[in-house]
Amino acid sequence: MTRRHLKIALGLIIFIIVFLTVAFNMFNLQEAYGDGPPYYGRTTNMDKWESPLPMLLPVDAVVIVLLSVYAIWLRRTRSRNPG
């Protein structure tokens, strides 16, 4: 596999991971806050409600680190004399 194909493949994998993370966040926030009157899901069972943020923040942090590592790798492997 050439370096160009590797960059494209890793870019697609990173894109899929980011897309799945956004979907994961949306579903968890929708579940936590509900779609009824203001914060319906949280107020109906307040004694059982838990904030989704302690679970979402580490997941988002890992994805941000992954994106940063990918961006640094892209910058380091960029050819100095294209073409």
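Last residue of the sequence shown: number 1476 in the numbering used here, and the count goes up by one each step with no gaps. Beta carbons are placed, not taken as given, at the ideal position from N, Cα and C, and that holds for glycine. Every value quoted in this text rests on a predicted model; they were computed, and no experiment measured them.
Between the C-alpha atoms of residue i and residue j, what's the straight-line distance to the nearest angstrom?
{"i": "TYR1426", "j": "ALA1464", "result": "34 Å"}
{"i": "ALA1402", "j": "LYS1441", "result": "43 Å"}
{"i": "ASP1453", "j": "VAL1462", "result": "14 Å"}
{"i": "THR1414", "j": "ARG1397", "result": "26 Å"}
{"i": "LEU1422", "j": "PRO1451", "result": "15 Å"}
{"i": "MET1419", "j": "LEU1467", "result": "29 Å"}
{"i": "GLU1424", "j": "VAL1458", "result": "26 Å"}
{"i": "ALA1416", "j": "ILE1410", "result": "10 Å"}
{"i": "MET1448", "j": "ILE1406", "result": "23 Å"}
{"i": "ARG1469", "j": "GLU1443", "result": "42 Å"}
{"i": "LYS1394", "j": "PHE1408", "result": "According to the sequence provided, residue 1394 is Met. The question's Lys does not apply to it. Straight-line Cα distance between these residues: approximately 20 Å."}
Residues in its own chain within less than 8 Å of residue i by CB, not counting five upstream and five downstream?
{"i": "LEU1510", "result": "The shown model of the chain, from 1394 to 1476, leaves out residue 1510, and the question about it has no answer."}
{"i": "PRO1389", "result": "Outside the shown range of the chain (1394 to 1476) lies residue 1389, about which nothing can therefore be said."}
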